Amino acid sequence: MAPGELESVARSLVEPGKGILAADESAPTIEKRFRTIGLPSTEENRRSYRELLFTTPGIQEFISGVILFDETLRQKSRNGAPFPEVLSRQGMIPGIKVDLGARPLAGFPGEKMTEGLDGLRERLAEYRGLGARFAKWRAVIEIGEGIPTAYCIEANAHALARYAALCQEAGLVPIVEPEVLMDGPHTIGRCEEATAATLGRVFSELASHRVELEGMLLKPNMVLPGKECPEQAGTAEVASATVRCLSRTVPAAVPGIVFLSGGQTAERATEHLSAMNALGKHPWELSFSYGRALQDPVLKTWKGDAANVPAAMRAFLHRSRCNGAARYGRYTKEMEKHGG
Ligand code: 13P
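Numbering (the numbering used here) for the sequence shown: 8 to 347.
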């Protein structure tokens, strides 16, 4: 790996006007998404769906990189080109999800621990050989009665830092994703508290593990009230709470923060990102790495029918263009009228 390559890849992923597509749904998750449109999750259905996303004309104007699942990294387009090559030929950087999912944390009811460190060094070397230039690991933190515990935060932060150090050794930019979930009736204040505690611990572990901050990206949740909280928050409140929380916990050396959408509607996720960028110049790029908020409208339009592919591609391009505008704080509801 050339010196400075990690930083240069990290910076390209958060280039102004662009963001990341998370298309790394594991087998059970993509099955759940396909079920919403009544489509069986066969290998060919998964392949055609991902091909639709990756070959949408003009998408590279708004999408800098794509996170893939192991199966997709090894699949090919209809013309026989491996997907990582399809992406890089269009100027999009291929990435790979490398965690093996979150499992119940023994002794800590209601909390989870992400697995996948065993054998990770060898897997990372193989992924780099297959064309991946960045990776993702997601930790899950739940808010509830008496949780998150400090131990759950610590255990997950430690694993995130071990993963990040191994990625940098292998020449892959780690996306460090500690997600505080939106599930539950908690207030926005509790979300801010849990997010700040989590990020504080994550950056302390990253420092202990000698992770180079310039060569990584952070993928956090936005600061939001729980889905069942009776007091929902307005856009300005979400934007200011999120930026405040991040400025207190994320060092300026980190090139970019790429939010997950976490179950927000596609339009809310765009509005929130735009409002944060409109708050002014931040020490890091504020961008997106959305899964559902980019793909939900595409799936609903496609419905598994080849005849709907052009319309589904238009829906994807529209959502990506709106998020591209949000990168400059320039998204307006008016843009929705010209989409789809
Ligand atoms: P959502 O945007 O649907 O939350 O997915 C992003 C992601 O990659 C979660 O790990």
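The C-beta atom is built at its ideal place from N, Cα and C for all residues, glycine as well. The structure presented is a predicted model; accordingly, all values stated were derived computationally and were not measured.
Checklist line | Inter-residue spacing [alpha-carbon to alpha-carbon] between Trp291 and Pro23 | finding: One alpha carbon belongs to Trp291, the other to Pro23, and they sit about 11 Å apart.
Next item on the list: Hey, could you find the ends of the beta strand (DSSP E) Trp144 is sitting in?
Entry: Its beta strand (DSSP E) spans residues Phe141 to Ile148.
Next item on the list: Could you check the C-alpha separation between Thr62 and Glu122 for me, to the nearest Å?
Entry: Straight across, the Cα-Cα distance linking Thr62 with Glu122 is about 32 Å.
Next item on the list: Report yes if the CB atom of Ala177 is closer than 8 Å to the CB atom of Leu213, and no otherwise.
Entry: Contact annotation: Ala177 and Leu213 have beta-carbon atoms that are not nearer than 8 Å.
Notebook entry, point to check: Is the number of C-beta pairs between the segment 241-251 and the segment 204-220 that are closer than 8 Å three or more?
Noted result: At 8 Å Cβ cutoff, the stretches do not touch.
Notebook entry, point to check: Span of the alpha helix (DSSP H) holding Glu122?
Noted result: Element bounds for Glu122: n/a, residue is neither H nor E.
Checklist line | Member of Glu200, Ala164 and Ala30 whose CA lies at the smallest distance from the CA of Val183 | finding: In this structure, Ala164 is the residue among Glu200, Ala164 and Ala30 with its C-alpha nearest to the C-alpha of Val183.
Check: Cβ of Leu267 within 7 Å of any heavy atom in the ligand 13P?
Finding: Annotation for Leu267 indicates a beta carbon within 7 Å of some heavy atom of the ligand 13P.
Item checked: Arg169 versus Ala313: straight-line alpha-carbon distance, rounded -> Whole-angstrom Cα-Cα distance: 43 Å.
Check: When the Cα atoms are used, what is the spatial distance from Ala248 to Gly207?
Finding: Taking the straight line from one Cα to the other gives about 16 Å.
Check: Since Pro35 is in the beta strand (DSSP E), which residue starts that stretch and which ends it?
Finding: In the DSSP assignment, Pro35 falls outside any beta strand (DSSP E) and within the unbroken alpha helix (DSSP H) covering Ala34 to Arg42.
Note to self: Are there any heavy atoms of the ligand 13P lying less than 7 Å away from the beta-carbon of Tyr170, as far as the coordinates show?
What the structure shows: No - the ligand 13P has no heavy atom lying nearer than 7 Å to the Cβ of Tyr170.
Notebook entry, point to check: Count the other CB atoms within 10 Å of the CB of Arg326; is the residue buried (16 or more) or exposed (fewer)?
Noted result: With 16 or more Cβ atoms within 10 Å of its Cβ, Arg326 is classed as buried.
Note to self: Just list the residues that DSSP pairs Val73 with in beta bridges.
What the structure shows: Paired residues: Leu28 and Pro101.
Check: Among the residues of its own chain, which have a CB less than 7 Å from the CB of Tyr158, if the five just before and after it don't count?
Finding: Excluding sequence neighbours, Tyr158 sits near Phe115.
Note to self: Considering only their Cβ atoms, is the gap separating Ile264 from Leu201 smaller than 8 Å?
What the structure shows: Checking the displayed sequence, the identity of residue 201 turns out to be Ala instead of Leu. The Cβ atoms of Ala201 and Ile264 lie no closer than 8 Å to each other.
Next item on the list: Spatial neighbours of Ile154 within its chain, please: CB distance less than 7 Å, with the 5 preceding and 5 following residues excluded, ordered by chain position.
Entry: Excluding residues within five positions, the ones whose Cβ falls inside 7 Å are Gly117 and Glu118.
Margin query: Need the endpoints of the alpha helix (DSSP H) that Phe115 sits in, please.
Written below: Following the DSSP letters along the chain, one finds Phe115 in no alpha helix (DSSP H), marked with neither H nor E.
Margin query: Assuming His289 and Cys236 are in contact, meaning their beta carbons sit under 8 Å apart, how far apart are those beta carbons, in whole angstroms?
Written below: Contact doesn't hold; Cβ gap of about 27 Å is too wide.
Checklist line | Simplified DSSP state of Leu107, which is helix, strand or coil | finding: In this structure, DSSP gives Leu107 a state outside helix and strand, which the three-state scheme calls coil.
Notebook entry, point to check: With a Cβ-Cβ cutoff of 8 Å, do Ile74 and Ala29 count as a contact?
Noted result: Taking a C-beta distance under 8 Å as the contact criterion, Ile74 and Ala29 qualify as a contact pair.
Notebook entry, point to check: Are Ile44 and Gly311 close, meaning C-beta to C-beta below 8 Å?
Noted result: A contact, by the Cβ cut-off of 8 Å.
Next item on the list: Could you tell me which residues DSSP pairs with Tyr297 in its beta bridges?
Entry: DSSP output for Tyr297 lists Leu28 as bridge partner(s).
Note to self: Using 8 Å for Cβ pairs, my map puts Met229 next to Val261. What's the rounded Cβ distance?
What the structure shows: Contact between Met229 and Val261 does not hold, since the beta-carbon distance rounds to 17 Å and is not under 8 Å.
Check: Do Leu349 and Ala142 have their CB atoms nearer than 8 Å?
Finding: Residue 349 cannot be examined here, being either before or after the span of the chain that is shown, 8 to 347.
Note to self: Pop quiz: Leu225 and Val257 are said to be a contact at Cβ under 8 Å. What is the actual Cβ separation, rounded to whole angstroms?
What the structure shows: In this structure Leu225 touches Val257 by the C-beta definition: roughly 6 Å separates them, less than 8 Å.
Notebook entry, point to check: Would Asn330 be called buried (16 or more neighbouring beta carbons within 10 Å of its own) or exposed?
Noted result: Label assigned to Asn330: buried.
Next item on the list: Give the DSSP-derived three-state secondary structure of Val93 in the structure shown.
Entry: Three-state result, Val93: helix.
Checklist line | Three-state secondary structure (DSSP) of Glu176 | finding: Secondary structure of Glu176 (DSSP, three-state): helix.
Notebook entry, point to check: Comparing the CB of Arg145 with every heavy atom of the ligand 13P, is any distance shorter than 7 Å?
Noted result: Relative to the ligand 13P, Arg145 has its C-beta within less than 7 Å of a heavy atom.
Checklist line | Distance between Gly87 and Leu231 (C-alpha atoms, nearest Å) | finding: Taken atom to atom, the span from the alpha-carbon of Leu231 to that of Gly87 is near 43 Å.
Notebook entry, point to check: Is it right to say Arg299 is buried, meaning 16 or more other beta carbons lie within 10 angstroms of its own, or is it exposed?
Noted result: Buried, since its Cβ has 16 or more Cβ neighbours within 10 Å.
Item checked: Option in Asn52, Ser15, Ser71 and Thr156 with minimal Cα separation from Ile27 -> Nearest option by C-alpha distance: Ser71.
Margin query: Tell me which residues share the same chain as Glu161 and place their Cβ nearer than 7 Å to its Cβ, disregarding the 5 neighbours each side in the sequence.
Written below: Here the set comprises Arg208.
Checklist line | Runs of beta strand (DSSP E) lying entirely within the segment 251-283, each at least 3 residues, in chain order | finding: Segments of the beta strand (DSSP E) lying fully in the segment 251-283: 263-266.
Margin query: Just verifying my parser: in three-state terms, what is the DSSP assignment at Gly233?
Written below: Here Gly233 sits in coil by DSSP.
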